[in-house]
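Every position in the sequence shown, counted from 1, becomes a number in the numbering used here once 6 is added.
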Amino acid sequence: MKNIGVIGGGIIGLSSAYYLSKAGFKVTIFEQGDLKDGCSFGNAGMIVPSHIIPLAAPGMIAKGIRWMFDSTSPFYVRPRLNGDLLKWGYEFYKHSTKAHVARSIPALKQLSLFSKAMYQQWAKDLPFDFGYNERGLLMLYQSAEAEKEEIETAHVANQVGVTANVLSLAEVQRLEPEVRVQARGGVYYPGDAHLTPRALVEKLIAQLKEMGVTFHSSTKVEEFVRERNVIRAIRTNHGEFALDEWVLAAGSWSGSTAASLGISLPMQAGKGYSFTIPDIEKNTRIPSIFLEARVAVTPMGSSIRFGGTMEISGVNHTINMNRVKGIFDSINRYYPDMKVTMPAKEEVWHGLRPCSPDGLPYIGRSGQVANLIFATGHSMMGLSLAPGTGKLVSELAMEIEPGIPLQAFHPERYNT
Ligand SMILES: Cc1cc2nc3c(=O)[nH]c(=O)nc-3n(C[C@H](O)[C@H](O)[C@H](O)COP(=O)(O)OP(=O)(O)OC[C@H]3O[C@@H](n4cnc5c(N)ncnc54)[C@H](O)[C@@H]3O)c2cc1C
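The structure is reproduced here in structure tokens:
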């Protein structure tokens with residue numbers, strides 16, 4: 007059986023390793039970090055088949071420009087004279103159309119449902135608990151504008167078979183009896199789920215080790231040794247490794263890694279923050295999104311996690327406490343009685359979402375490098391789409407028909 011190297015030990019790389027190993031391949035993961043933190047660890051933990059509209063959608067450009075002048079806003083692009091950012095921004099602009107949204111909806115829905123089915127299987131098969139719960143998602147709105155937009159989205163969702171129920175505040179409150187909610191109402195997506203990401207990632211790493219997957223942590227892939235259209239080996243800070251096939255699951259770093267192979271894979275890091283309040287006295291039951299504030303709220307056992315912001319400001323790890331305060335200030339606007347204190351900087355987690363400009367992931371085999379499979383660019387939905395992506399990667403490696411069509415996710419769609 008072939009030896010397959012997976013570049014990146016986030017949830018996409020780990021899920022790929024899981025299905026590749028189950029299919030009988032010998033798998034090695036190369037991770038530049040220590041496998042103890044990263045975008046896949048502290049995210050909001052939502053599994054969201056409800057999210058059928060990509061980030062690149064009509065209205066986003068106007069909202070983005072408005073938000074850029076507010077230091078606590080949920081979306082920010084740091085203007086830089088950088089070729090990659092300019093190309094990415096142009097592609098984002100070009101894809102923010104109704105036609106792109108219409109094309110993307112069936113593809114995203116199919117991948118989401120495929121992936122959720124894998125999570126249901128994991129909840130049965132994996133010998134550990136990762137806090138998987140199917141309680142749905144509440145989209146809460148306070149303004150007439152957000153209400154109108156969300157009800158329109160709910161209609162689209164229902165039309166394509168994703169159930170969305172428009173609820174009055176009293177109906178929202180019946181679903182959330184412990185926590186007083188301040189909103190005009192909400193849309194409830196009963197098909198969504200949630201889990202505890204750190205529990206999943208840490209236990210999955212241990213499980214993969216038991217299954218015989220080899221891990222090289224603190225090992226950065228620096229260069230590819232390419233012979234014509236094949237990667238013969240990789241060069242890392244710990245030497246050279248020659249394997250048969252490669253999976254690129256390097257998150258926000260995938261664009262620069264692909265560029266070293268001469269492949270254009272537009273990618274920007276979308277930084278987000280989260281903080282978790284432990285032992286909350288009265289917790290919510292169901293994850294919610296505060297729509298105006300773009301804040302995701304997830305109950306995780308006796309804790310509650312608040313996450314948000316999308317800062318397109320390059321690969322960097324600075325924490326902007328103004329934006330964290332934007333998240334914090336939204337809490338009592340929606341949950342007026344919840345007792346919370348502003349987290350200190352050390353208590354704030356951050357992660358870099360790997361964002362493609364059209365809001366769709368890159369999944370598929372390279373047309374330019376024969377032994378390379380891409381699995382990256384999942385932006386705000388990497389956790390949701392991980393097991394499905396991993397399964398598809400294993401099918402591509404086995405050279406069998408993938409479980410769902412992959413045209414919309416073609417990794418070299420920006421190569422002309
Ligand atoms: C605040 C926040 C909330 C979120 N909430 C949700 C949510 O509720 N639901 C959801 O579905 N998604 C959510 N996301 C998005 C989700 O976290 C990401 O989409 C997902 O973690 C991406 O996984 P990944 O494996 O592609 O990337 P990563 O987790 O970033 O993993 C990629 C890995 O590759 C490694 N790497 C990169 N380059 C190299 C190299 N050259 N050599 C070796 N290793 C390399 C990196 O060190 C990294 O560990 C959220 C994100 C944020 C920031």
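Built from N, CA and C at the ideal position, the CB exists for glycine as well.
Applying the criterion that 16 or more other CB atoms from any shown protein chain within 10 Å of the CB defines a buried residue, is residue i buried or exposed?
i, result
"A52", "The displayed chain sequence assigns Met, not Ala, to residue 52. With 16 or more Cβ atoms within 10 Å of its Cβ, M52 is classed as buried."
"A62", "buried"
"V399", "buried"
"A264", "buried"
"Q127", "exposed"
"Q38", "buried"
"G307", "exposed"
"M124", "buried"
"G276", "buried"
"Q413", "exposed"
"L92", "exposed"
"D40", "exposed"
"R234", "exposed"
"N49", "buried"
"E182", "buried"
"M344", "buried"
"D364", "buried"
"P203", "buried"
I'd like to confirm the pairing. Which residues does DSSP put opposite residue i in its beta bridges?
i, result
"V303", "S294, F312"
"H356", "Y279"
"Y194", "L144, N171"
"T34", "G11, T220"
"G370", "F380"
"Q274", "C361"
"E228", "Answer is none; E228 lacks a bridge partner."
"A199", "I53"
"I318", "V83, G276"
"L254", "I13, F380"
"N139", "H200"
"I240", "F230, F247"
Go through its chain and collect everything with a Cβ distance to residue i's Cβ below 6 Å, but skip five positions before and after it.
i, result
"G348", "The sequence given here has Met at residue 348, not Gly. Cβ within range, chain order: F334."
"N243", "K226"
"S27", "V33, M217, V219"
"I13", "F36, V227, L254, A256"
"V172", "I157, A160, V193"
"L143", "S56, Y195, D198, P293"
"Y420", "S270, P272"
Figure out for me which residue from the options has the closest Cα to the Cα of residue i.
i, options, result
"S149", "E298, E418, H356", "E298"
"S372", "Y125, F136, D40, E251", "E251"
"P367", "E353, T282, H384", "H384"
"N88", "I318, L378, E353", "I318"
"I283", "H222, S21, V346", "V346"
"S174", "V187, N164, E158, G191", "G191"
"A248", "A255, A239, A256, A392", "A239"
"E208", "G11, G16, A414, E407", "G16"
"P64", "S56, K100, P85, V83", "K100"
"P112", "N139, R141, N164", "N164"
"P408", "G11, Y25, K8, G19", "Y25"
"S260", "D135, P417, R84", "P417"
"R339", "R241, K69, Q188, A50", "Q188"
"R109", "D76, V166, K154, F281", "V166"
"T324", "M66, L358, L402", "L358"
"M387", "G137, M145, S362", "S362"
"L206", "E184, S224, F221, G137", "G137"
"S270", "W94, N49, N9, I10", "W94"
"E184", "H200, P85, G278, T290", "T290"
"W355", "R311, N421, H106, D364", "R311"
"V168", "K115, R186, L146, M344", "K115"
"T78", "E151, K331, Y420", "K331"
"S336", "P360, Y420, G365, A302", "A302"
"K122", "N139, V107, H106", "N139"
"M66", "F31, V107, R86", "V107"
Just to confirm my understanding: we take residue i, look at its own chain, exclude 5 residues before and 5 after, and list those with CB closer than 8 Å. What are they?
i, result
"R300", "P80, F81, G314, T315, M316"
"F266", "Reading off the sequence, residue 266 comes out as Ser, not Phe. Contacts found: E229, F230."
"V236", "V375, A376, N377"
"R232", "R238, L267, V375"
"Q213", "Y24, L132, P133, F134"
I'd like to know whether the C-beta of residue i is nearer than 7 Å to at least one C-beta of chain C.
i, result
"S27", "The structure shown contains no chain C; it is built from a single protein chain."
Cutting at 7 Å between CB atoms, please list the residues of its own chain near residue i, excluding the five before and the five after it.
i, result
"S423", "With the chain represented from 7 up to 422, any question about residue 423 goes unanswered, as that position is not in the structure."
"L117", "L391, G394, I410"
"K351", "I325, M327"
"T458", "The requested residue 458 does not occur in the structure, where the chain is confined to residues 7 to 422."
Does the distance between the C-beta of residue i and the nearest non-hydrogen atom of ligand 2 fall short of 6 Å?
i, result
"L389", "Ligand 2 is not part of this structure, which contains only ligand 1."
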